[in-house]
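S.K.: Structure below; questions to follow.
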Amino acid sequence: HRDIKPGNLILGLDGTVWVTDFGLAWMNDSDDLTNTGEILGTLRYLAPERLRGQHTVQGDIYGLGITMYELLTLQTAFAATERPELLRQVLEQSPELPRRIDPTIPRDLETIVARSIAKDVHDRYQLPSELVSDLRMFLEDRPILSRRISTAEIVRRWCKKNPGVATLLTTVATLLIIIAVGAVLWGISLQRERDASQRAENAAKSSEQSAIAARQNAILSEGVAIEARRRAEESDRQRRQELFGVYLNDMDAMYASDYRGHRLDGVQRAKNALEVLSLAELTADQLSRLRNAAIACLSHADFAEIEKHPVANQLEHAIDIDPSLSVIAVPGFGHQTILRWLDGSNPDRILTNEAIPDLAGCNRWFSPCGRWLAEMLIPINQGLLTRIWDWRESRLALQIETSPMHGTLCFHPDGRQFFLVADARIQVYDLETGQRLRMSPPRFKFSRLAMNHDGKFLTSLIPLHPPELIDAESFESISTIVPIEHGEVAAWSTREDTVLIGSKEGILFQCDQSGQQSLRMKSDFAGPVTEMKYSPHDRFVAIGTLDGNTHINETDIDRKLVVVPGKLLQFSEDESRLCIRTTNAIDLLEFVPSPSFTSINQSVRYADFSPDGNWLGLSGKRGVLLYATNPPTLQCDPGLDETGPVAWHPTTREFATFGMFSHLARWPVTSLADSGDLMIGPPAPVALNTTLARIGADSRIPQHWGRHSVWHPDGDLLFYADSRHGHLWQYDTTTRKNEIFAELPSASFLSISQDGKWIAGASWPIEHVEVWNAESRARVLEVSGSGRAAFSPDGQILAISSRSELQFYSTHSWDLIRSWPTDVLNSFHATPMAFQPRGNLFAAAVSGRCVRLYNGDTGEPIADLPMREDTDINWLSFSPDGARLAITRADRDVLIWNLHSLRDELHAIGLPTESLPKHEQIAVNRLVRTLDRGQELLPPTGWWTGHEMLARFEALKLNYPDAIDRMDIALDVASPQDRILRAKLLMQRGEYHLLNNSPDAACVDFRDAVKLNPAEHANVRRFVQLLLFGPPEIQDPVEARRLLQDLVSLDEHDLQDRLNLILTDIQLHHLQAAQNQFNQIADETVVAASPTARTAYRCVRIYIERRSTAENLIVNPDDAESSRVEIQKLADEVRETASFTESAILDEFCKLLEL
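Residue numbers (the working numbering): 8 to 1162.
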């Protein structure tokens, strides 16, 4: 072509490039064109050889390359505008590489262009096909064939073209190198000579400087190392401080949380915090915060996960567990029912091989007795199918097909019948025969049923209808529960025989059998209530909500314990464990109570312990409630009207009450000999002077507004405050006369020193305290702005509280010796406070959320006892031994802290507990001095208590003879009429006799205790255990059998008592009697028993079955050796099974082997 350039390349409409102007030369005045006959083509696009007159195809490739160069760089390859300069650039100068102009140009494309415009024709593509091949490879993202010319090749070619110049340059360079090398070598020689002389001159200096530098470097290195260690330690300390703060924040969050783990995880965080910072590294504030946070977490009860069994994610009600928490029913292929033993003792069992592939739903329930398994299948486009299985025998007991409507069922508590709601009717079936017994009218469409514990009443819950109580026999309506428009679920209590009903609004409503009495309502659940279940003995109630959580509450539904994620399946019989269904697992949880904390949900204002510490009297708007303290159990509610604090008599079992608009009365407390139940009353009203108050026919004093009463330590005088008339009264129990002791406006609260020398009265709301000498009635102190007063145990200090501070006065000089600020906000009364009776603790409510324990001698804060709600704290009371502290909150509940257990739990965490009271060691020396010098500090009723406590302390030190001596004194001073108390002391002395290797004396004490209080079954069982399995010299199976027969007659369902009776018959060789007793044990009794009792039952069953076989082998031995081997096998079988303490069965087999 000879003239390839952009002007001769035309782009068609279809994208084709056309090459034009073959062999033509245009005539023009432009510098870019030549004349005909001269050099053809545009100079900028002509290859260098063309300018020399050589015409090749590589010249056209050069023109294409220059064109591609301009397309890529958007500029000309040669910038000259004058012809001579342009000719020189084309011949001698290579264009600038494209990537230097635009770095985004691909390297391979630059290589193709550079080869196309190479100056040397041999360096270019020789054929257009080669150029085409490389361009296609580039477009296809494959390696191209062309490669760049190396620098060495460029130099070689230049030398070939310019040989003369290259030779000259090489010669000059060689000479210069030789001269430079020579100069360097000569310089090195001279430098070496100078260095030698210099080294000689500086040798001494060098060694000295080296030593100095070494010392300086060592010092510097040591300083650097010390600083590095300091910085590292500071960084580590800061990191551990931050981590410690994280743990504290976690504990605070866990205390505020209701979810499972708030106790156990909080305790673990406390241990982690002590691993991060040791006790020596903690500041006083950090230690206080950690201890208080740990106490807060210890106040919670919790549930610990003990087992986790994965299951497939199934429908909510498709899985259930039997009452023994050992077998679960899960769906299999085709919705078959699979029985799975959680302990793996048996392989999985399929109840039926029939598969129902298409189901809209499936529910499964175990019966309360554990024998029956119900499954309700809802096939698609078919009727409702209900099956009842005797699952232990894999027997289908009943199958019912009904119309495809909503259906529910419930079992009768005796396990003999079940109630099915289908076709709008309640249908009752006999589980043994499968017969339908009766059927209700068709008015129970979509009804949910719940049955009470004896099977007499049903609760019917129909959508959009009020819940209804109906008779289980006649299906007649008993009552309609009015306050709820419609209920979702219901659960019956077994102890109170009341029903709890939950609604979609999250409201819980409890009523009795009449259905009209609203006992309790609650509405703090997140969403509708979907399920409820009581534990077997009503200790807990579980409330499931729509958010998938289960709220575990105490029987009183106002007391929430913990929230557990998942659906409750079952409580264990002993209520210590529960089974929860989560998304893909079955969790077995164990109840972890709080030994340090408990509460009583009663709206009271005052709480006071009895002198022996066994009773707690609560009083307030509900009158007086009497609780046993271990555990807190309501013993008696005498039905009084609103009263002030209970005043316990120091020497007798009675208390005094002075009610609001009520009479002053003395209430005796007695125990019934036959049942051991507590009885209060009848009351003995204290007659006041008729000139001061009008007494009605019912002995009430309407003009008086009573508040507080206290006994003098000797028990002869009773002081009480008449707040309405502003009088402090004194009642003499000997003369039965009362008189005004002093004038005190709005007298409300009284306090008397333990020696009876001083009495203090506080006024409210006037906030005024006065103190008198109890004997001379002289006023010794008067303080305004205060509303409570309390004396220290030794009577040396009087504490007075106001809304803002605590003041402490010396009873010797009545001078103010110290004061502490408090922070009681929004309180309508002065700060509640109390001294520990047998220690140096002082408790005070420092805010609405906290009661603080102080060291009573130094005023140093020891611990904070927290409360989750900010409310007015009304009253504080220590137990006589100082181990427990009761806290009442204004008309809310009673909180009880066990300081002994709290000390143990804090010690287990690793926190210091020196300031908290110890177990039996508390104030032992003081107690001994008290017992020695009489009643100076300890009232007469505490004599037997003190000796019993010292006996336990001596037993802890293994001084059993001294413990027995102390128990002898306690029995001597105990009241002969108090049979329950004497029985308790005798049992305790008997235990000490056993520890002292005196079983005969122990047997005598146990026998006397059982005679004094036969209603205490625990004492009877302990005595039976001694008679059956004690030392041989005191074993008496005959007497044990007589006692066991009495126990079995009282409770036929107690498996352990019946098994002990069977073991007794075995020892007496009454095999037939043992067989008869064994046959009377019902399956329900075994299922409901404890795991240990069930193991004993299996052992006894094997023995009963195998003994006759062994005796036959002995009586008719064909071969003596084979008989011996067979009996040995039987003995080994029983021995492997008998994994419990009673060894009577093994002893019997040994006797058989001896024969």
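Beta carbons are placed, not taken as given, at the ideal position from N, Cα and C, and that holds for glycine. Note that the structure is a prediction, hence the values are computed from the model and not measured.
How many angstroms separate the CA atom of Pro-572 from the CA atom of Thr-557?
M.R.: Reading the sequence shown from its first residue, position 565 is the one you call residue 572. Reading the sequence shown from its first residue, position 550 is the one you call residue 557. In this structure, the alpha-carbon of Pro-572 lies about 6 angstroms from that of Thr-557.
S.K.: Should Gln-761 go down as buried or exposed, given a rule of 16 or more other Cβ atoms within 10 Å for buried?
M.R.: Counted from its first residue, the sequence shown places residue 761 at position 754. Buried is the call here.
S.K.: Among Trp-372, Arg-588, Ser-606, Trp-25, which residue has its Cα nearest to the Cα of Asn-905?
M.R.: Here residue 905 refers to the residue found at position 898 of the sequence shown. When only C-alpha atoms are compared, the closest one is Ser-606.
S.K.: Hey, Gln-803 and Ser-826 are a contact pair by Cβ (cut 8 angstroms); roughly how many whole angstroms apart?
M.R.: The count along the sequence shown starts at 1 and reaches residue 803 at position 796. The count along the sequence shown starts at 1 and reaches residue 826 at position 819. Their Cβ separation, rounded to whole angstroms, is 17 angstroms, which puts Gln-803 and Ser-826 out of contact at 8 angstroms.
S.K.: Compare the Cα-Cα distances from Ile-508 to each of Ile-593, Val-536, Met-994 and report the closest residue.
M.R.: Counting from one through the sequence shown, the residue named residue 508 turns up at place 501. Of the listed residues, the one whose Cα sits closest to Ile-508 is Val-536.
S.K.: With DSSP as the reference, please indicate the residues paired to Met-840 in a beta bridge.
M.R.: Residue mapping note: residue 840 aligns to position 833 of the sequence shown, counting from 1. Met-840 pairs with Ala-851.
S.K.: Taking the straight line between their C-alpha atoms, what separation do you get for Gln-942 and Leu-978?
M.R.: Numbered from 1 along the sequence shown, position 935 holds the residue referred to as residue 942. Numbered from 1 along the sequence shown, position 971 holds the residue referred to as residue 978. Legend: pLDDT at Gln-942 = 38, less than 50; position of this residue unreliable, value from coordinates given subsequently. Answer to the nearest angstrom: the Cα atoms are 18 angstroms apart.
S.K.: Just the C-alpha distance for Val-24 and Pro-13, rounded to the nearest angstrom, thanks.
M.R.: Against the sequence shown, residue 24 aligns to sequence position 17. Against the sequence shown, residue 13 aligns to sequence position 6. Pairing Val-24 with Pro-13, the inter-Cα distance amounts to about 11 angstroms.
S.K.: Phe-756 bridges to which residues according to DSSP?
M.R.: Within the sequence shown, the letter at position 749 stands for residue 756. Its beta-bridge partners are Ala-769.
S.K.: If I follow the unbroken alpha helix (DSSP H) through Ala-1080, where does it start and stop?
M.R.: For the purposes of this step, residue 1080 is taken as residue 1073 along the sequence shown, with counting starting at 1. Ala-1080 -> alpha helix (DSSP H) spans 1078-1086.
S.K.: Determine which residues share a DSSP beta bridge with Gly-551 and list them.
M.R.: Against the sequence shown, residue 551 aligns to sequence position 544. DSSP lists Glu-538, Thr-557 as partners of Gly-551.
S.K.: My understanding is that Ala-962 touches Leu-902, with C-beta atoms under 8 angstroms, so please give their C-beta distance in whole angstroms.
M.R.: Within the sequence shown, residue 962 is the residue found at index 955, counting from 1. Within the sequence shown, residue 902 is the residue found at index 895, counting from 1. The pair is not a contact, with the Cβ atoms about 32 angstroms apart (cut-off 8 angstroms).
S.K.: Once you ignore the five residues that flank Ile-971 on each side, which residues in its own chain have a CB closer than 7 angstroms to its CB?
M.R.: The residue you call residue 971 lines up with position 964 of the sequence shown. For Ile-971, the CB contacts under 7 angstroms within the same chain, skipping 5 residues up- and downstream, are Arg-996, Tyr-999, His-1000, Asn-1003 in chain order.
S.K.: Compare the beta carbon distance of Leu-444 and Trp-372 with 9 angstroms and say whether it is the shorter of the two.
M.R.: Taking the sequence shown and counting its residues from 1, the one referred to as residue 444 is at position 437. Taking the sequence shown and counting its residues from 1, the one referred to as residue 372 is at position 365. Contact: no.
S.K.: In this structure, what does DSSP give as the bridge partners for Gly-368?
M.R.: For this step, residue 368 is matched to residue 361 along the sequence shown. In DSSP, Gly-368 forms a bridge with Ile-385.
S.K.: Straight-line CA distance for Glu-282 to Gln-275?
M.R.: One-based indexing of the sequence shown puts residue 282 at position 275. One-based indexing of the sequence shown puts residue 275 at position 268. Cα to Cα, the separation comes out at about 11 angstroms.
S.K.: Within the segment 964-991, note down every full beta strand (DSSP E) run reaching 3 residues or more, in order along the chain.
M.R.: none
S.K.: Is the separation between the beta-carbon of Ser-306 and that of Leu-860 shorter than 9 angstroms?
M.R.: Reading the sequence shown from its first residue, position 299 is the one you call residue 306. Reading the sequence shown from its first residue, position 853 is the one you call residue 860. No, they are not a contact pair.
S.K.: Is the CB-CB distance between Ala-797 and Ala-785 below 9 angstroms?
M.R.: Counting from one through the sequence shown, the residue named residue 797 turns up at place 790. Counting from one through the sequence shown, the residue named residue 785 turns up at place 778. Cβ atoms of Ala-797 and Ala-785: not closer than 9 angstroms.
S.K.: Below 8 angstroms, how does it come out for the segment 763-782 and the segment 716-731: are there three or more Cβ pairs, yes or no?
M.R.: yes
S.K.: For Lys-744, which residues does DSSP report across the bridge?
M.R.: As a working mapping, residue 744 is identified with position 737 in the sequence shown. DSSP, once it has assigned bridges, lists Asp-739 as partnering Lys-744.
S.K.: Taking only three categories from DSSP, how would you classify Thr-177?
M.R.: Position 170 of the sequence shown, counted from the first residue, corresponds to residue 177. Look at Thr-177 here: in three-state DSSP terms it is helix.
S.K.: Given this structure, state the Cα-to-Cα distance separating Arg-190 from Thr-177, to the nearest angstrom.
M.R.: Start at 1 with the first residue of the sequence shown, and residue 190 comes out as number 183. Start at 1 with the first residue of the sequence shown, and residue 177 comes out as number 170. The displayed chain sequence assigns Ala, not Arg, to residue 190. If I take the Cα positions, the gap works out to 20 angstroms.
S.K.: Helix, strand or coil for Val-334, going by three-state DSSP, please let me know.
M.R.: Along the sequence shown, one-based indexing puts residue 334 at 327. Of the three classes helix, strand and coil, the one that applies to Val-334 here is strand, per DSSP.
S.K.: To the nearest whole angstrom, what separates the beta carbons of Ser-770 and Ser-758, a pair I think is in contact under 8 angstroms?
M.R.: Here the question's residue 770 lines up with position 763 in the sequence shown. Here the question's residue 758 lines up with position 751 in the sequence shown. Contact doesn't hold; Cβ gap of about 13 angstroms is too wide.
S.K.: Between Gln-1063, Asp-461, Arg-455, which lies nearest to Leu-471 when the distance is taken from Cα to Cα?
M.R.: Reading the sequence shown from its first residue, position 464 is the one you call residue 471. Out of Gln-1063, Asp-461, Arg-455, Arg-455 has the C-alpha closest to the C-alpha of Leu-471.
S.K.: With DSSP collapsed to three states, give me the class of Thr-1071.
M.R.: In the sequence shown, counting from the first residue as 1, residue 1071 sits at position 1064. Reduced to three states, the DSSP call for Thr-1071 is helix.
S.K.: Using DSSP bridges, identify the partner residues of Phe-726.
M.R.: Within the sequence shown, numbered from 1, the residue matching residue 726 stands at position 719. According to DSSP, Phe-726 bridges with Val-717, Gln-737.
S.K.: With three or more beta-carbon pairs closer than 8 angstroms as the criterion, would you say the segment 982-996 touches the segment 1017-1027?
M.R.: yes
S.K.: Across which residues does DSSP place His-316 in a beta bridge pair?
M.R.: Position 309 of the sequence shown, counted from the first residue, corresponds to residue 316. BP columns for His-316 point to Ile-593.
S.K.: Between which two residues does the beta strand (DSSP E) harbouring Ser-817 extend?
M.R.: Here residue 817 is taken as the residue at index 810 of the sequence shown, counted from 1. First-last of the beta strand (DSSP E) with Ser-817: 812-817.
S.K.: Using CA atoms only, rank isn't needed, just tell me which of Asp-985, Asp-864, Arg-856 is closest to Asn-847.
M.R.: Here residue 847 corresponds to residue number 840 of the sequence shown, with the count starting at 1. For Asn-847, the nearest C-alpha among the options comes from Asp-864.
S.K.: Would you kindly work out how many angstroms separate the C-alpha atoms of Glu-495 and Asp-309, rounded to a whole number?
M.R.: Taking the sequence shown and counting its residues from 1, one reaches residue 495 at position 488. Taking the sequence shown and counting its residues from 1, one reaches residue 309 at position 302. For Glu-495 and Asp-309, the distance between alpha carbons rounds to 28 angstroms.
S.K.: Go ahead and label Thr-664 buried or exposed: buried means 16 or more other beta carbons lie within 10 angstroms of its beta carbon, across all protein chains shown.
M.R.: Against the sequence shown, residue 664 aligns to sequence position 657. Counting Cβ neighbours within 10 Å, Thr-664 comes out buried, since at least 16 surround it.
S.K.: Quick check: the Cα distance between Glu-338 and Cys-369, rounded to an integer number of angstroms?
M.R.: Counting from one through the sequence shown, the residue named residue 338 turns up at place 331. Counting from one through the sequence shown, the residue named residue 369 turns up at place 362. Checking the sequence shown, residue 338 turns out to be Pro, not Glu. If you take the alpha carbons of Pro-338 and Cys-369, they lie about 9 angstroms apart.
S.K.: Verify whether the separation of the beta carbon atoms of His-775 and Gly-763 is less than 9 angstroms.
M.R.: Here residue 775 refers to the residue found at position 768 of the sequence shown. Here residue 763 refers to the residue found at position 756 of the sequence shown. Contact: no.
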